[in-house]
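Undergrad:
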Amino acid sequence: MADTICRTLRDGGLEGEHAPALTIKDSKASPFGFDVFNYVLTQLSNYILAGKSQSRGLVVVAYSRSPSFYVDLLKRRGIDIASSHDWIHILDCYTDPLGWKNWLIDKDISQEASSLSSFCQDVRNLDKLYSLIIEQGKGLIGQGKDRFSIAIDSVSEMVRHASISSVAGILSNLRSHDQVSSIFWLLHSDLHEIKFTSVLEYLSSMVASVEPFNQAAFGQRVDLENLSMLEQNFRKGKFHVRFKRRNGRVRVMASNLHQFCLKMK
Amino acid sequence: MATTKPRLSSFSRNLSAVSSSQTPGVKCGPNGTMFVSSGIADLDRSLVMVMEDAEAPHHMLLLRNFMSQGLVHGQPLLYASPSKDPRGFLGTLPSPASLKHDKSRDRESEQEKGLRIAWQYKKYMGENQPNFDSHRDNKQDYCNEFDLRKPLERHYFTRQRVNCVGIQDSKNLAALQEHCASFLAQHQRNDGSCALAGRIAIQSLCAPQCEHSNMDWEMLSFIKSLKGMVRSSNAVVVITFPPSLLSLSSTKRWQHMADTLLSVAAIPDEDKELAKLLSGYQDMVGLLNVHKVARLNTQVPFILEATTFSIKLQKRRFLVLECLNQAPVDGSSGSSYGTSGSCSGSSKAGTLDF
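As structure tokens, this is what we get:
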């Protein structure tokens, strides 16, 4: 089922339509959202490299992991980064999000990562971030009518520095940009009020929720009876996806998270 | 709704001899009201609110038909939207259904034909028939059917007729309020006569990308003032909003503010149980619920005979609303809900085209 999501992102949007947008939602009861995010990122990267997707490039807006993490992740998945300058760019909102170190570059970042990434040093200014994303995306695809995709590794981090309406604004504007093929983001739903989660679900065309394998076990006292159920929650999860179809109907799918998805740490 | 009979009681305003309106699409109704036909009963001079479903764009179908109908009949339009390019939406407005389509429906019964016209008027056809017909001869036939696959011709979008306002970038609702006030001032209602009617369509008023979306009281205050302004004008206002993005108390307040309250809902795809329960499920794209209908200048309530309609796209082109009538449980034969999903005749008597 995760593949269905990836294919929808791969196929992108029709002319004049908003780009498909995916919210990956998890909580501490089943904290596998980031694994799902990595899986989708890897799959989309494979599609782009194989020339099978509508998008020709990918901009990763990295809030909660450093660019070198993504370089290593893709390396482990066998994605050749020698030619990675062509199709991927990482906007580093992790290293120095508020511009405290803007007079020097962090020496810990590997040379490879730094050539693939650029810094965003004021994550409070989402208008500037929007321009940066579009600029980097256009830089990847060049002139013409090609499109690029965007991955935001955590809107939970994004909303720490900006208001809900400005986060909603940037996501909505990115979706409606002509050259954006698809966009996906990660959300840790228990960090926010229900309103923010509702806003993101409103703005998305697909909502993938990661839920505990044993719903009843979560939140209860740990004792011998539910210990095994709790243990299962740390190894497995349930996956619910709601697709908003073009005809206005909603397609609901559910499955278990695959083991291999959980190994992508 | 089509089968409701007009109720006359001591609470009705006496209708003095008012000549039938010379303005196309405007008729005299009971209780001293003037009706701007928007194809749906009792919407006129009122505030219509449509509760969106966050998972489906059906409110856009309603807005498109509403806006097209106004433009086709020469009624000025003010359209406000949270998108970056509100004017771009005009390109998706449907064109009136072609004559070819109309002819294919001529075979249907006289009763249905009457209902296809702005159906509220059927009640008043008796005394006003000659005048109404003369209008039809001279002007565009009153149009209730639109072809969603054929865009409206661009000459309808002149700036004199359509004013588009973006609400995403404004800090508050003051600018929108001013636009609405100046628009409605042009369509002030004078006693005994009425100028050209106008329509206001506001899409997703509390959309999250708008800065005013977290200003609960400002939004409520805006709606209240708009409602007051529309009462003294010859216009109708339709506002859509997603209630899932408002607090529960705000949602209740907005619902109370509405003269007419509708909601649209998505339906699940490939749902076998729903397919058994509802006949015509295959063609349905969503549901429309009528929660409240405006009743102006009267204390007589409007009791609806049906409140839930299915939204279908006939041939993927024409928006059709059909009453959802479930078969009542028949004790004698043991049949239950779902065996006859729609009552016989409901697809005829209940069809609401607009």
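As you go down the protein sequences, you meet chains A and B in turn.
Here the first sequence is numbered in the numbering used here, starting from 416 and rising by one per residue.
Here the second sequence is numbered in the numbering used here, starting from 27 and rising by one per residue.
C-beta atoms are modelled at their ideal positions from N, C-alpha and C, and glycine is treated no differently.
All figures in this text were calculated on a predicted structure; none of them were measured in a lab.
Excluding the 5 residues flanking B:Val74 on each side, which residues of the same chain have their C-beta closer than 6 Å to its C-beta?
TA: Within the second sequence, the letter at position 48 stands for residue 74 of chain B. Contacts found: Val264 and Thr286.
Undergrad: Pull up the CB-CB distance for B:Ser289 and B:Val76, whole angstroms please, since I reckon it's below 8 Å.
TA: On the second sequence, residue 289 of chain B is found 263 positions in, with the first residue counted as 1. On the second sequence, residue 76 of chain B is found 50 positions in, with the first residue counted as 1. Indeed they touch by this definition, with Cβ atoms about 7 Å apart.
Undergrad: Just to confirm, are B:Thr266 and B:Glu78 a CB contact at a threshold of 9 Å?
TA: In the second sequence, the residue the question calls residue 266 of chain B occupies position 240. In the second sequence, the residue the question calls residue 78 of chain B occupies position 52. The answer is yes: Cβ separation under 9 Å.
Undergrad: Does the CB of B:Glu296 have a neighbour CB from chain A at under 9 Å?
TA: As a position in the second sequence, residue 296 of chain B is number 270, starting the count at 1. Chain A contact via Cβ: present.
Undergrad: Under a CB-based cut-off of 9 Å, is A:Val667 close to chain B?
TA: As a position in the first sequence, residue 667 of chain A is number 252, starting the count at 1. Answer yes: the Cβ-Cβ gap between A:Val667 and chain B drops below 9 Å somewhere.
Undergrad: Suppose you measure from the CA of A:Ile420 to the CA of A:Ala477; what does that come to, to the nearest Å?
TA: The count along the first sequence starts at 1 and reaches residue 420 of chain A at position 5. The count along the first sequence starts at 1 and reaches residue 477 of chain A at position 62. The straight-line gap from Cα to Cα measures roughly 21 Å.
Undergrad: When the distance is taken between beta carbons, is A:Asp568 closer than 9 Å to A:Phe449?
TA: In the first sequence, the residue the question calls residue 449 of chain A occupies position 34. In the first sequence, the residue the question calls residue 568 of chain A occupies position 153. Yes, the pair counts as a contact, with Cβ atoms nearer than the cut-off.
Undergrad: I'd like to know whether the C-beta of B:Ser219 is nearer than 9 Å to at least one C-beta of chain A.
TA: Residue 219 of chain B sits at position 193 when you count from the first residue of the second sequence. Low confidence applies to B:Ser219: its pLDDT is 47, below 50, so where it sits in the model is not reliable, and the reading given next is rough at best. False, the Cβ-Cβ gap to chain A never drops below 9 Å.
Undergrad: Take A:Arg422 as the anchor and find which of A:Phe447, A:Tyr462 and A:Lys440 has the nearest alpha-carbon.
TA: Here residue 422 of chain A refers to the residue found at position 7 of the first sequence. Cα-wise, what sits closest to A:Arg422 is A:Tyr462.
Undergrad: To the nearest whole angstrom, what separates the beta carbons of B:Leu300 and B:Ile337, a pair I think is in contact under 8 Å?
TA: By one-based count along the second sequence, residue 300 of chain B stands at place 274. By one-based count along the second sequence, residue 337 of chain B stands at place 311. Contact doesn't hold; Cβ gap of about 14 Å is too wide.
Undergrad: Answer with yes or no whether the minimum CB distance from A:Asn671 to chain B is below 9 Å.
TA: Working through the first sequence from its first residue, we reach residue 671 of chain A at position 256. Closer than 9 Å to the CB of A:Asn671 there is not a single CB belonging to chain B.
Undergrad: Run the CB neighbour count on A:Asp441, radius 10 Å, all protein chains shown included, and call it buried at 16 or more, exposed below.
TA: To locate residue 441 of chain A, count along the first sequence from 1; it is residue 26. It is buried - the Cβ of A:Asp441 has at least 16 other Cβ atoms within 10 Å.
Undergrad: Three-state secondary structure (DSSP) at B:Ala106?
TA: Walking along the second sequence from the start, residue 106 of chain B turns up at place 80. Correct three-state label for B:Ala106: strand.
Undergrad: Could you tell me the alpha carbon to alpha carbon distance between A:Asn671 and A:Ala623, rounded to whole angstroms?
TA: Reading the first sequence from its first residue, position 256 is the one you call residue 671 of chain A. Reading the first sequence from its first residue, position 208 is the one you call residue 623 of chain A. Cα-Cα distance, rounded: 12 Å.
Undergrad: Tell me whether the beta-carbon of A:Val474 lies closer than 9 Å to the beta-carbon of A:Ile548.
TA: Mapped onto the first sequence, residue 474 of chain A falls at position 59. Mapped onto the first sequence, residue 548 of chain A falls at position 133. Yes; because the gap between Cβ atoms is below 9 Å, this pair is in contact.
Undergrad: Within this structure, are the beta carbons of A:Arg664 and B:Val256 separated by less than 9 Å?
TA: Within the first sequence, residue 664 of chain A is the residue found at index 249, counting from 1. Within the second sequence, residue 256 of chain B is the residue found at index 230, counting from 1. Their beta carbons are not under 9 Å apart, which means A:Arg664 does not touch B:Val256 by this criterion.
Undergrad: Hey, B:Cys190 and B:Arg113 are a contact pair by Cβ (cut 8 Å); roughly how many whole angstroms apart?
TA: In the second sequence, counting from the first residue as 1, residue 190 of chain B sits at position 164. In the second sequence, counting from the first residue as 1, residue 113 of chain B sits at position 87. Going by Cβ atoms, the distance from B:Cys190 to B:Arg113 rounds to 5 Å, so yes, they are a contact pair.
Undergrad: Less than 9 Å between the C-beta atoms of B:Gly224 and B:Asp111, yes or no?
TA: Numbered from 1 along the second sequence, position 198 holds the residue referred to as residue 224 of chain B. Numbered from 1 along the second sequence, position 85 holds the residue referred to as residue 111 of chain B. Contact flag unset, no.
Undergrad: Anything in chain B within Cβ reach of A:Val614, meaning under 7 Å, just list it in chain order.
TA: Within the first sequence, numbered from 1, the residue matching residue 614 of chain A stands at position 199. Within chain B, the residues near A:Val614 are Pro234 and Leu271.
Undergrad: Strictly below 8 Å CB to CB, what residues from chain A border B:Ile265?
TA: Along the second sequence, read from residue 1 onward, the residue named residue 265 of chain B stands at position 239. Ordered by position in chain A, no residue passes the 8 Å Cβ test against B:Ile265, which lies about 17 Å from the chain.
Undergrad: Counting contacts by CB-CB distance shorter than 9 Å, is B:Lys110 in contact with chain A?
TA: For the purposes of this step, residue 110 of chain B is taken as the residue at position 84 of the second sequence. Taking Cβ atoms only, chain A reaches closer than 9 Å to B:Lys110, which makes this a yes.
Undergrad: Nearest chain B C-beta to A:Tyr617 closer than 9 Å, yes or no?
TA: One-based indexing of the first sequence puts residue 617 of chain A at position 202. Cβ-Cβ to chain B under 9 Å: yes for A:Tyr617.
Undergrad: Pick out whichever of B:Met86, B:Tyr105, B:His84 and B:Pro122 has its Cα sitting closest to the Cα of B:His99.
TA: Locating residue 99 of chain B in the second sequence gives position 73, counting from the first residue. Of B:Met86, B:Tyr105, B:His84 and B:Pro122, the residue nearest in Cα terms is B:Pro122.
Undergrad: Relative to the C-alpha of B:Arg175, which candidate in B:Leu87, B:Leu210, B:Leu202 and B:Ser275 has its C-alpha closest?
TA: As a first step, residue 175 of chain B must be located in the second sequence, where it is residue number 149. That would be B:Leu87, whose Cα lies nearest to the Cα of B:Arg175.
Undergrad: Quick one: Cα of A:Glu626 to Cα of B:His282, how far?
TA: As a working mapping, residue 626 of chain A is identified with position 211 in the first sequence. As a working mapping, residue 282 of chain B is identified with position 256 in the second sequence. Computed Cα separation, rounded: 37 Å.
Undergrad: Helix, strand or coil, according to DSSP, for B:Glu331 in the structure here?
TA: By 1-based counting over the second sequence, the position of residue 331 of chain B is 305. B:Glu331: coil per DSSP, three-state reduction.
Undergrad: Using a Cβ-Cβ cut-off of 9 Å, state whether B:Pro268 counts as contacting chain A.
TA: Stepping through the second sequence from its first residue, residue 268 of chain B is reached at position 242. It does: the Cβ of B:Pro268 has a partner Cβ on chain A nearer than 9 Å.
Undergrad: In chain order, what residues of the same chain have a beta carbon less than 7 Å from the beta carbon of A:Leu544, not counting five sequence neighbours either side?
TA: Residue numbering aside, residue 544 of chain A sits at position 129 when the first sequence is read from its first letter. So the list reads Cys535, Val538 and Ile585, once near-sequence residues are dropped.
Undergrad: Taking the straight line between their C-alpha atoms, what separation do you get for B:Ser107 and B:Ser230?
TA: Within the second sequence, residue 107 of chain B is the residue found at index 81, counting from 1. Within the second sequence, residue 230 of chain B is the residue found at index 204, counting from 1. Going by the C-alpha atoms only, they are around 7 Å apart.
Undergrad: Return helix, strand or coil for A:Lys651, following the three-state DSSP convention.
TA: In the first sequence, the residue the question calls residue 651 of chain A occupies position 236. If DSSP states are grouped into helix, strand and coil, A:Lys651 belongs with coil.
Undergrad: Going straight from the alpha carbon of A:Ala583 to that of A:Leu615, what length do you get?
TA: The residue labelled residue 583 of chain A in the question sits at position 168 within the first sequence. The residue labelled residue 615 of chain A in the question sits at position 200 within the first sequence. Roughly 7 Å between the two C-alpha positions.
Undergrad: Does B:Ser239 have its Cβ less than 9 Å from a Cβ in chain A?
TA: The residue labelled residue 239 of chain B in the question sits at position 213 within the second sequence. Taking Cβ atoms only, chain A reaches closer than 9 Å to B:Ser239, which makes this a yes.
Undergrad: Thinking C-alpha only, which one of B:Ile228, B:Gln212, B:Thr184 and B:Asn240 is nearest B:Ser259?
TA: Here residue 259 of chain B refers to the residue found at position 233 when the second sequence is read from its first residue. When each option's Cα is compared against that of B:Ser259, the closest is B:Gln212.
Undergrad: Would you call B:Ser208 buried or exposed, if buried means 16 or more other Cβ atoms sit within 10 Å of its Cβ?
TA: If you number the second sequence from 1, residue 208 of chain B lands on position 182. Result: exposed.
Undergrad: Tell me which residue opens and which closes the alpha helix (DSSP H) that A:Arg562 is part of.
TA: Residue numbering aside, residue 562 of chain A sits at position 147 when the first sequence is read from its first letter. Segment Arg562 to Ile567 is the beta strand (DSSP E) holding A:Arg562; no alpha helix (DSSP H) there.
Undergrad: Could you give the residue range of the beta strand (DSSP E) that holds B:Val188?
TA: The residue given as residue 188 of chain B occupies position 162 in the second sequence. Residues Val188 to Gly192.
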